[in-house]
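Report on one structure; see the data block that follows.
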Ligand code: SF4
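In the working numbering, the protein residues as written are 174 to 470.
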């Protein structure tokens, strides 16, 4: 296999002819699966997570996942936009094709220190990926299988010696990768990545991607989180799934689809959430002041 990672500013997808026949075949199955998928809303990991998360507004959820409305209410200096900037400049693309919002500049028109630090970290991340010999095959795309869908950062070739020993994996070195940038500390086990197995959102994402890939291709591959911390730490986390976990995820999707049939959107009734919601100006359910919390003793 030739070196697929460019030494330039971004990674590039290799021409199909540069890939092994087995890999070409798998990619072809992904394309065919997408072509035969029915139209309409898809079951994505973020739709599932938002649907079952009681802290999320179901009016907002419905507008995004049922009506297909697009909203970007991230703050240009917020962690979401910084993460997008990181991905955009590391991989050369973002999931929906939109570049990050421009960062503010100093009074003299230069970059803030945090902006320069982020740029340096992107360079370092590129070196880390080269060192690990992660070879992107497809960058930022979708896998669709029936009504299920996964938006991946990378499908890549990656020779992880441990991965071949995982019981139920086919002998291919194809893997799914999700790249994360975070401001959390390396040892943060509450909001960060210190104990990813207890991060339910992350585990749903990993299971969903493996499930959709398997449904589209018949091949079971591992899922990696490659996490870059603001202070320079890096974690590479491999998620393999047991047959039981895959079956449980399949049941979760069925439960989601059943509940959806009788679902009626309802608002969250939380002032702070509405204040930062991009639908605020067009939402008849928004609250404009703190709600009374009643306690009867
Ligand atoms: S403005 Fe409030 S109620 Fe309306 S969608 Fe947003 S979070 Fe929900």
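For glycine and all other residues, C-beta sits at the position ideal for the given N, C-alpha and C.
**C-alpha gap between residue 450 and residue 319, whole angstroms** = Residue 450 and residue 319: Cα-Cα distance of roughly 31 Å.
**Request:** Return helix, strand or coil for residue 383, following the three-state DSSP convention.
**Result:** Looking at residue 383 - three-state DSSP - the assignment turns out to be helix.
**Simplified DSSP state of residue 426, which is helix, strand or coil** = Three-state DSSP puts residue 426 in a helix.
**Request:** Please report the residue range of the beta strand (DSSP E) in which residue 407 lies.
**Result:** Run containing residue 407: 407-412, per the beta strand (DSSP E) assignment.
**Message:** Suppose you measure from the CA of residue 357 to the CA of residue 253; what does that come to, to the nearest Å?
**Reply:** A direct Cα-to-Cα measurement between residue 357 and residue 253 gives close to 13 Å.
**Prompt:** Which whole-angstrom value is the C-beta distance of residue 256 and residue 354, which I expect to be below 8 Å?
**Reply:** Taking 8 Å as the upper bound for CB-CB distance, residue 256 and residue 354 are in contact here, some 4 Å apart.
**Prompt:** Where residue 210 and residue 316 are concerned, what is the direct C-alpha to C-alpha distance, given to the nearest angstrom?
**Reply:** Looking at the two C-alpha atoms, the distance is approximately 10 Å.
**Asked** When DSSP builds the beta bridges, which residues end up paired with residue 402?
**Response** Per DSSP, 355.
**Request:** Return yes when the C-beta of residue 232 is under 7 Å from any heavy atom of ligand 1, and no when it is not.
**Result:** Yes, since a heavy atom of ligand 1 falls inside the 7 Å radius drawn around the Cβ of residue 232.
**Asked** Given a threshold of 16 other Cβ atoms within 10 Å of its Cβ, counted over all protein chains shown, does residue 420 qualify as buried or as exposed?
**Response** Label assigned to residue 420: exposed.
**residue 324 versus residue 360 - alpha carbon distance** = Between residue 324 and residue 360, the C-alpha separation is close to 28 Å.
**Asked** Mapping DSSP to helix, strand and coil, what is residue 397?
**Response** Secondary structure of residue 397 (DSSP, three-state): strand.
**Prompt:** Among residues of its own chain, excluding the 5 on either side of residue 243, which ones have a beta-carbon nearer than 7 Å to its beta-carbon?
**Reply:** Taken in chain order, the list of residues that qualify is empty.
**Item:** Backbone CA spacing between residue 375 and residue 369 [nearest angstrom]
**Value:** Those two C-alpha atoms are separated by around 7 Å.
**Prompt:** In the segment 270-354, which residue ranges form an unbroken beta strand (DSSP E) of at least 3 residues, counting only runs that do not cross its ends?
**Reply:** If we require 3 residues or more, the beta strand (DSSP E) runs fully inside the segment 270-354 come out as 308-318 and 321-330.
**Asked** Pick from 287, 259, 267 and 328: whose alpha carbon is nearest that of residue 296?
**Response** The shortest Cα separation from residue 296 among 287, 259, 267 and 328 belongs to 259.
**Prompt:** With DSSP run on the structure shown, which of helix, strand or coil describes residue 216?
**Reply:** Correct three-state label for residue 216: strand.
**Message:** Checking 8 Å against the spacing of the C-beta atoms, do residue 352 and residue 263 come in under that value?
**Reply:** Against a cut-off of 8 Å, the Cβ pair of residue 263 and residue 352 comes out as a contact.
**Item:** Proximity winner among 300, 432, 308 and 463, relative to residue 188 (alpha-carbon distances)
**Value:** Measuring from the Cα of residue 188, the nearest candidate turns out to be 308.
**Asked** Is the segment 434-447 touching the segment 230-242 in the sense that three or more CB pairs, one from each, lie closer than 8 Å?
**Response** In short, these stretches touch, since the Cβ pair count reaches three.
**Asked** To which residues of the same chain is residue 284 closer than 8 Å at the C-beta, ignoring the five residues directly before and after it?
**Response** These residues qualify, in order along the chain: 276, 278 and 292.
**Request:** Note the first and the last residue of the continuous alpha helix (DSSP H) segment covering residue 239.
**Result:** Residue 239 -> no alpha helix (DSSP H), and no H or E assigned at all.
**Prompt:** Can we count residue 464 as close to ligand 1, meaning its CB is less than 7 Å from some heavy atom?
**Reply:** Result no, Cβ not under 7 Å from ligand 1.
**Message:** Only counting the same chain, and skipping five residues up and downstream in sequence, which positions put a Cβ closer than 7 Å to that of residue 224?
**Reply:** Answer for residue 224: 234 and 429, listed in chain order.
**Prompt:** If we call anything under 8 Å between Cβ atoms a contact, is residue 328 one with residue 301?
**Reply:** For residue 328 and residue 301, no; Cβs fall outside 8 Å.
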